[in-house]
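Here's the structure we're looking at; comments come further down.
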Amino acid sequence: ALALDHRLTGDPRSLARAREELLRLADLPEWRPSHFLDVGEAALAAGLGYDWLHDQLSADDRERIAQAIVRNALLPALETPEGAKSWVDGDFNWTQVCHTGVSVAALAIAEREPALARRVLERALKHFPKVAATYAPDGTYAEGPSYWSYGTSFHVIFIETLRSSFGSAFGLDRSPGFLETAEFDNQMVAPGGDDFNFSDYHVERLNEPIMLWFARERRDLGVARLELAALTRLVAQQTPSESKASPAPGPKLVLSRHLPLELLWWDPALPAATSPGPLHWTASGVLPVAVMRSAWDDPAATYLAIKGGTPDHSHAHMDVGSFVLEADGVRWALDLGTESYGKMRAAKLDLWNYTQDSNRWTTFRVGPEGHNILRFDDARQTVAGHAPIRALPDAPDGTVGDVVDLSSLYAGQVARVTRTVRLHPDRSVSIADEWTAADRAVTATAQWLTRATVSRTPTGLRLAEAGKILDLAINFPDPELLALIELQDVSVSRATQDSDNPGLTRIVIKIPTAAHATARLLITARAQSHASP
Numbered sequence: 001a002l003a004l005d006h007r008l009t010g011d012p013r014s015l016a017r018a019r020e021e022l023l024r025l026a027d028l029p030e031w032r033p034s035h036f037l038d039v040g041e042a043a044l045a046a047g048l049g050y051d052w053l054h055d056q057l058s059a060d061d062r063e064r065i066a067q068a069i070v071r072n073a074l075l076p077a078l079e080t081p082e083g084a085k086s087w088v089d090g091d092f093n094w095t096q097v098c099h100t101g102v103s104v105a106a107l108a109i110a111e112r113e114p115a116l117a118r119r120v121l122e123r124a125l126k127h128f129p130k131v132a133a134t135y136a137p138d139g140t141y142a143e144g145p146s147y148w149s150y151g152t153s154f155h156v157i158f159i160e161t162l163r164s165s166f167g168s169a170f171g172l173d174r175s176p177g178f179l180e181t182a183e184f185d186n187q188m189v190a191p192g193g194d195d196f197n198f199s200d201y202h203v204e205r206l207n208e209p210i211m212l213w214f215a216r217e218r219r220d221l222g223v224a225r226l227e228l229a230a231l232t233r234l235v236a237q238q239t240p241s242e243s244k245a246s247p248a249p250g251p252k253l254v255l256s257r258h259l260p261l262e263l264l265w266w267d268p269a270l271p272a273a274t275s276p277g278p279l280h281w282t283a284s285g286v287l288p289v290a291v292m293r294s295a296w297d298d299p300a301a302t303y304l305a306i307k308g309g310t311p312d313h314s315h316a317h318m319d320v321g322s323f324v325l326e327a328d329g330v331r332w333a334l335d336l337g338t339e340s341y342g343k344m345r346a347a348k349l350d351l352w353n354y355t356q357d358s359n360r361w362t363t364f365r366v367g368p369e370g371h372n373i374l375r376f377d378d379a380r381q382t383v384a385g386h387a388p389i390r391a392l393p394d395a396p397d398g399t400v401g402d403v404v405d406l407s408s409l410y411a412g413q414v415a416r417v418t419r420t421v422r423l424h425p426d427r428s429v430s431i432a433d434e435w436t437a438a439d440r441a442v443t444a445t446a447q448w449l450t451r452a453t454v455s456r457t458p459t460g461l462r463l464a465e466a467g468k469i470l471d472l473a474i475n476f477p478d479p480e481l482l483a484l485i486e487l488q489d490v491s492v493s494r495a496t497q498d499s500d501n502p503g504l505t506r507i508v509i510k511i512p513t514a515a516h517a518t519a520r521l522l523i524t525a526r527a528q529s530h531a532s533p
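In the working numbering, the protein residues as written are 1 to 533.
As structure tokens, then:
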């Protein structure tokens with residue numbers, strides 16, 4: 001930001017502060033290679049600062065910064081081995097962040113250190129396609145929306161670095177699914193402005209500068225529609241007002257540190273946006289997801305999003321088949337996002353162990369207890385499983401839907417499991433679960449987490465929040481089971497690693513199922529404002 005401000009305005013204060021920060025960074029003995037993300041971030045800052053302010057820095061300044069880049073970034077990167085879940089040849093955000101930062105720094109001083117720069121770039125180009133492949137075929141991001149922002153931002157910076165240095169991105173800008181990943185980010189945003197916050201999701205929502213890059217690449221300003229609206233809100237939130245008018249509508253946004261790059265990626269020649277995107281979007285790949293919404297421009301629209309995939313991936317939760325539901329501006333079925341890494345470490349959990357018996361899954365927000373999923377005899381999902389999602393043909397009345405095949409997530413527990421979700425023209429939602437027991441009887445459990453006040457009705461449950469009402473009509477295989485629905489207060493933490501979840505209720509629906517029997521559960525959710533007269 002400081003370097004760009006100086007380049008655009010010539011303000012000497014920006015240059016002085018940028019030089020101060022660069023030299024402070026250069027004088028550090030190391031950039032914490034034990035947590036190599038820090039090296040990647042520092043290397044990006046040092047490389048950009050060195051390059052963009054090259055002619056304004058003294059020869060001594062350049063020497064200090066270049067030596068620090070070699071000592072603290074290039075050599076430690078080249079000394080990092082492959083394998084054993086290393087970032088070097090990984091398929092997760094570290095791979096994008098670390099290779100990008102170190103590559104930018106290497107190219108900045110390539111005239112001084114051509115051999116080192118060559119080794120760094122060749123290594124990055126060798127391994128980057130592996131993480132790029134995780135976007136295929138439709139653009140989903142295996143680590144969820146929070147880490148999509150982090151990893152994909154550095155991915156784009158790497159592409160732009162290659163283009164500016166070599167005139168080519170060596171195919172990374174056209175990797176299958178990569179340009180489509182902009183749709184993933186847009187679809188994750190619900191009508192109320194909050195994300196479908198699955199996996200290790202951090203609460204702050206940043207504006208997304210890379211959406212202007214995607215708009216430019218796809219020649220479609222509609223891709224950046226939400227980002228442009230976010231920038232408008234940011235200006236309103238940060239501009240002093242002489243009036244006492246209410247704050248700008250929408251959730252509070254946090255300024256992305258990559259914001260200055262939007263000036264480079266903005267293309268004013270793009271034609272005005274004509275379409276905001278599909279109302280029904282289904283994507284396959286490492287992380288299949290499906291999203292249905294009744295409208296884009298209505299904050300009270302109905303929004304239903306569901307995920308497939310696997311628990312066995314970086315930052316994944318045991319949440320396959322989980323969903324969120326929004327209607328009338330209320331999130332009725334919710335995901336809690338991530339637990340504090342600090343709390344989990346303090347509890348001595350093996351935080352990044354995704355195996356079946358890992359104590360990572362004992363954390364409420366991470367394991368099966370804290371998600372809107374099916375369970376059988378209260379067992380965990382099978383981490384070796386992977387659930388695909390298939391879009392259903394649109395019905396003649398306009399109903400849209402998807403089916404998630406969850407069978408592999410419950411291997412050894414039941415023979416077959418599916419969850420089918422639909423959005424109907426009247427904006428009601430149906431969630432239909434079907435399972436077939438294997439050679440033993442099981443008790444199936446369907447969980448639904450909400451902060452609404454829950455009461456019983458003759459046909460199911462009523463959820464009330466913020467003056468709004470959502471009715472759940474529950475169709476059991478045995479109507480007598482309706483009285484056995486549990487409304488569990490899960491607002492208070494149960495273990496050292498868990499945070500409190502104020503106002504949280506877990507709806508628990510249990511259905512005993514005989515060996516080899518097939519059972520079904522149908523829940524129809526209808527906001528009272530959408531009920532038929």
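Where is the CB? At the ideal position from N, CA and C, for every residue including glycine.
Tell me which residue opens and which closes the alpha helix (DSSP H) that residue i is part of.
{"i": "E79", "result": "75-79"}
{"i": "G40", "result": "36-52"}
{"i": "W94", "result": "93-108"}
{"i": "W148", "result": "144-166"}
{"i": "T181", "result": "181-188"}
{"i": "F128", "result": "114-132"}
{"i": "Q67", "result": "59-69"}
{"i": "S343", "result": "Per the sequence presented here, residue 343 reads as Lys, with Ser not at that position. Element bounds for K343: 341-346."}
{"i": "L264", "result": "262-265"}
{"i": "D5", "result": "2-9"}
I'd like the span of the beta strand (DSSP E) that includes residue i, first residue to last.
{"i": "I509", "result": "505-513"}
{"i": "L487", "result": "486-489"}
{"i": "Q447", "result": "442-450"}
{"i": "R365", "result": "Segment: none, R365 is in no beta strand (DSSP E) and carries neither H nor E."}
{"i": "K307", "result": "303-307"}
{"i": "E326", "result": "323-327"}
{"i": "A333", "result": "330-333"}
{"i": "F376", "result": "374-376"}
Could you tell me which residues DSSP puts in a beta bridge with residue i?
{"i": "P137", "result": "G285"}
{"i": "G460", "result": "T457, A473"}
{"i": "E434", "result": "T418, R520"}
{"i": "H280", "result": "M292"}
{"i": "E30", "result": "Answer is none; E30 lacks a bridge partner."}
{"i": "D402", "result": "A391, V421"}
{"i": "R526", "result": "D471"}
{"i": "L206", "result": "V254"}
{"i": "E465", "result": "K468"}
{"i": "V429", "result": "L423, A525"}
{"i": "D195", "result": "V189"}
For residue i, collect the residues of the same chain with a Cβ closer than 7 Å to its Cβ; drop the 5 residues on either side in sequence, then sort them by chain order.
{"i": "L481", "result": "I511"}
{"i": "P247", "result": "For P247, the predicted structure reports a pLDDT of 48, less than 50, and the residue's modelled location is therefore unreliable. The matter cannot be settled from this model."}
{"i": "E242", "result": "At E242 the pLDDT is 48, less than 50, meaning the model places this residue with poor confidence; the figure from the coordinates comes in the next sentence. Correct list: empty, nothing qualifies."}
{"i": "A18", "result": "L2, A3, H6, G49, L53"}
{"i": "D328", "result": "A300, K468, A527, S529"}
{"i": "L388", "result": "With the sequence shown as reference, residue 388 is identified as Pro, and Leu is not the correct amino acid for it. Around P388: S284, P288, G308, D405."}
If you drop the 5 nearest sequence neighbours on each side, which residues of the same chain put their C-beta closer than 6 Å to that of residue i?
{"i": "A273", "result": "L221, G222, R225"}
{"i": "H6", "result": "S14, L15"}
{"i": "V291", "result": "Q187, W281, A305"}
{"i": "S275", "result": "G222"}
{"i": "A283", "result": "D138, T140, V289"}
{"i": "P393", "result": "none"}
{"i": "L461", "result": "V454, L472"}
{"i": "T382", "result": "L409, A411"}
{"i": "T545", "result": "This structure cannot speak to residue 545, because the chain is shown only from 1 to 533."}
{"i": "V156", "result": "I210, W213"}
For chain D, is any of its Cβ atoms less than 8 Å away from the one on residue i?
{"i": "T282", "result": "In the displayed structure, chain D is absent; only one protein chain is listed."}
So residue i and residue j are supposed to be a Cβ contact under 8 Å. How far apart are they, rounded?
{"i": "Q488", "j": "T505", "result": "7 Å"}
{"i": "A26", "j": "A73", "result": "Not confirmed; about 11 Å, so no contact."}
{"i": "T80", "j": "V289", "result": "The Cβ separation is near 32 Å, so there is no contact."}
{"i": "Q187", "j": "G277", "result": "7 Å"}
{"i": "T152", "j": "I210", "result": "6 Å"}
{"i": "V417", "j": "S407", "result": "5 Å"}
{"i": "K307", "j": "L287", "result": "7 Å"}
{"i": "Y354", "j": "P311", "result": "6 Å"}
{"i": "A132", "j": "S199", "result": "Not a contact, Cβ separation roughly 19 Å."}
{"i": "A525", "j": "L325", "result": "6 Å"}
{"i": "S256", "j": "E208", "result": "7 Å"}
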